[in-house]
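Notes follow the structure.
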Amino acid sequence: MTQHPEAAAQGAAPQGGWQVIGPGLLVAATGVGAADLVATLVAGSKFGYALLWTVILGALLKVVMVEGAGRYSLATGRTIFEGWRSLGRWTSWYFGSYIVIWGFVYGAAAMSGTGIPLNALVPALSVTAWGIIAGLLGFVLVWFGRYALFERFMAALVGLMFVTMVGAALLTLPNLPALLSGLIPRIPDGGLINVLSLAGGVGGTITLAAYGYWLREKGWHRPQFMRVMRLDNNVAYLVTAIFVISTLIVGAELLYSARIAIEGNEQGLLSLSDILGERYGGWAKYFFLVGFAAASFSSLLGVWNGVSLMFADFVGQGRGLSSGHPDTRVGGKYYRWYVLWLTFPPMALLFLGRPVALILAYGVLGALFMPFLAATLLVLLNSDRVPAEWRNKPGTNLLLGLCVLLFGFLAVTELAKQLGGLLG
Numbered sequence: 007m008t009q010h011p012e013a014a015a016q017g018a019a020p021q022g023g024w025q026v027i028g029p030g031l032l033v034a035a036t037g038v039g040a041a042d043l044v045a046t047l048v049a050g051s052k053f054g055y056a057l058l059w060t061v062i063l064g065a066l067l068k069v070v071m072v073e074g075a076g077r078y079s080l081a082t083g084r085t086i087f088e089g090w091r092s093l094g095r096w097t098s099w100y101f102g103s104y105i106v107i108w109g110f111v112y113g114a115a116a117m118s119g120t121g122i123p124l125n126a127l128v129p130a131l132s133v134t135a136w137g138i139i140a141g142l143l144g145f146v147l148v149w150f151g152r153y154a155l156f157e158r159f160m161a162a163l164v165g166l167m168f169v170t171m172v173g174a175a176l177l178t179l180p181n182l183p184a185l186l187s188g189l190i191p192r193i194p195d196g197g198l199i200n201v202l203s204l205a206g207g208v209g210g211t212i213t214l215a216a217y218g219y220w221l222r223e224k225g226w227h228r229p230q231f232m233r234v235m236r237l238d239n240n241v242a243y244l245v246t247a248i249f250v251i252s253t254l255i256v257g258a259e260l261l262y263s264a265r266i267a268i269e270g271n272e273q274g275l276l277s278l279s280d281i282l283g284e285r286y287g288g289w290a291k292y293f294f295l296v297g298f299a300a301a302s303f304s305s306l307l308g309v310w311n312g313v314s315l316m317f318a319d320f321v322g323q324g325r326g327l328s329s330g331h332p333d334t335r336v337g338g339k340y341y342r343w344y345v346l347w348l349t350f351p352p353m354a355l356l357f358l359g360r361p362v363a364l365i366l367a368y369g370v371l372g373a374l375f376m377p378f379l380a381a382t383l384l385v386l387l388n389s390d391r392v393p394a395e396w397r398n399k400p401g402t403n404l405l406l407g408l409c410v411l412l413f414g415f416l417a418v419t420e421l422a423k424q425l426g427g428l429l430g
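Take 7 as the starting number for the sequence shown in my numbering and just add one per residue.
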């Protein structure tokens, strides 16, 4: 595989320090957006600390899936899409349909989701106006910025997210005995869907598969980087778990104990900021809103960069280009095609609303992606497509099998919800 000019390592794997942290943090930061914050807050407001174990399970499952995607890329020198293609043409049809429709709808959702906290911070501009500004800023950063700049910018956003949410959790003075009791696995009455959604929502969907592409941009592209890749991934999801646990603490202490219900969407985060402001002062409200904006914008930026790399590889492979061809890298022709697709066509949805048929297709294809990723990793990492020393161990197969079952059930639930909405 061709090494990127900005590769951080030129032969030897990094030995320590912050240089061993990077792509995993991008995956984790991209995957924890406003929707995940809301789901966690709602779980905390409904069940207190009872679902804490679910957050830890979700982080563990994502560690396994991201490690699998990274291990495949490092062990074979191939991208995950090359692996999917080896399983049959059906994977290209599914992924091509998914990434085009998903990107169009997600672009609008990401811009709108970032516009909400920015509008709360500076009401002079509407949510739509702020969303467009966020989209354009993301466009400029990933269109002209190199990978190293992108990684540093994302690290700064992660720092904001982490400090604000952990700070909010500490403000609430969490009940430690109750917190520890949440480590005991149990499902409260009426809490099954919350359990599954919380486990499935800790840290990403399609961006899990982008990990191998970010490893390549970082310059980690051979088996000798396996150890540092695993360290990177583990640290990233430890940070993610602490962040999401902090969100659950805020929900449990501020909402559950006071019997306060919030909306199950981004507006619920605004309600929480108001509650923080009333209890601890106006500074707490704006402190939280900054973290909310950072979480939303980090998800936008991560998709603008990472999923654009996946699309570029998809097109490049279809045109017979070698893996790592300049047209498929950051700044390449096909990469920029998708950045344009994510930014400008979705702006129409901010003004025109969201067509029912498009949203239905988005929901169906999106629901199927996680079981698709888990199942294909199981096949790829147990076959001769991967050198024997890097194939799955029994424990990994068990956890990936659990991922297939969990995300498969979530997919069926989401499909039923989409169908019910269409018929209703």
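Yeah, the Cβ is synthetic: ideal placement off N, Cα and C, and Gly gets one too.
Note that the structure is a prediction, hence the values are computed from the model and not measured.
- When rounded, the separation of the alpha-carbon atoms in leucine 307 and arginine 91 is 27 Å.
- Contact between leucine 384 and glycine 414 is absent: CB atoms are separated by about 12 Å, not below the 8 Å threshold.
- If one requires a minimum length of 4 residues, the alpha helix (DSSP H) runs lying completely within the stretch 138-191 are 153-177 and 182-187, in chain order.
- Taking C-beta separations shorter than 7 Å and ignoring five residues to either side along the sequence, the partners of proline 29 in its chain run Tyr217, Trp220, Leu221, Lys224 and Asp238, following chain order.
- Counted as a single uninterrupted DSSP element, the alpha helix (DSSP H) harbouring glutamate 272 occupies residues 272-286.
- Here the stretch 57-68 does not lie against the stretch 286-294, with fewer than 3 beta-carbon pairs under 8 Å apart.
- By alpha-carbon distance to alanine 135, the top candidate from Leu127, Phe145 and Gly121 is Gly121.
- Just so you know, the alpha carbons of alanine 175 and asparagine 181 end up roughly 11 Å apart.
- Going by beta carbons, tyrosine 286 and leucine 127 fall outside the 9 Å limit.
- One Cα belongs to leucine 47, the other to glutamate 88, and the distance between them is close to 38 Å.
- With a cutoff of 9 Å on beta-carbon distance, serine 304 and glycine 39 are scored as near each other.
- DSSP places alanine 354 in the uninterrupted alpha helix (DSSP H) bounded by 353-358.
- Annotation: valine 70 to threonine 246 spans about 14 Å, alpha carbon to alpha carbon.
- Within a 10 Å sphere around the beta-carbon of serine 103 sit fewer than 16 other beta-carbons, which makes this residue exposed.
- Non-local C-beta neighbours of tyrosine 262 in its own chain, meaning closer than 8 Å and more than five positions away in sequence, comprise Gly50, Ser51, Lys52, Phe53 and Gly54, ordered along the chain.
- Between valine 250 and leucine 31, the gap from beta carbon to beta carbon reaches 9 Å or more.
- The criterion of a C-beta distance shorter than 9 Å is not satisfied by valine 309 and tyrosine 340.
- DSSP assignment within the stretch 16-85 yields no whole beta strand (DSSP E) run of 3 residues or more.
- For leucine 143, the closest of Asn398, Pro393, Asn311 and Met316 by C-alpha to C-alpha distance is Asn311.
- Closest by C-alpha distance to glycine 257, out of Arg158, Gln273 and Leu278, is Leu278.
- A contact between stretches requires three or more CB pairs, one per stretch, nearer than 8 Å, and the stretch 229-238 fails this requirement with the stretch 93-107.
- Judged by DSSP secondary structure, lysine 339 falls within the alpha helix (DSSP H) whose first and last residues are 339-349.
- Between leucine 147 and valine 133, the alpha-carbon positions lie close to 21 Å from each other.
- In this structure, alanine 301 lies near leucine 43, with their beta-carbon atoms less than 9 Å apart.
- In the same chain as phenylalanine 298, and ignoring 5 residues on each side of it, the C-beta atoms closer than 6 Å to its own belong to Pro123 and Leu275, in chain order.
- When the Cα atoms are used, alanine 354 and valine 345 turn out to be separated by approximately 16 Å.
- No residue range can be given for arginine 335, since it is assigned to no alpha helix (DSSP H) and is classified by DSSP as neither H nor E.
- A Cβ-Cβ distance of about 4 Å is found for the pair cysteine 409 and alanine 380, placing them in contact under the 8 Å criterion.
- In this structure arginine 152 is exposed. Its beta-carbon is surrounded by fewer than 16 other beta-carbon atoms within 10 angstroms.
- Under the three-state reduction of DSSP output, leucine 421 falls in the helix class.
- Annotation for leucine 348: Gly109, Gly113 and Trp310 place their beta carbon closer than 6 Å to its own, counting only its chain and skipping 5 residues before and after.
- Just so you know, the alpha carbons of methionine 316 and threonine 211 end up roughly 13 Å apart.
- Within the model, the alpha-carbon separation for alanine 394 versus phenylalanine 357 is close to 53 Å.
- When Ser187, Val418, Gly74 and Val313 are compared, the shortest CA-CA separation from threonine 213 is found for Val313.
- Around the C-beta of phenylalanine 150, fewer than 16 other C-beta atoms lie within 10 Å, and the residue is accordingly described as exposed.
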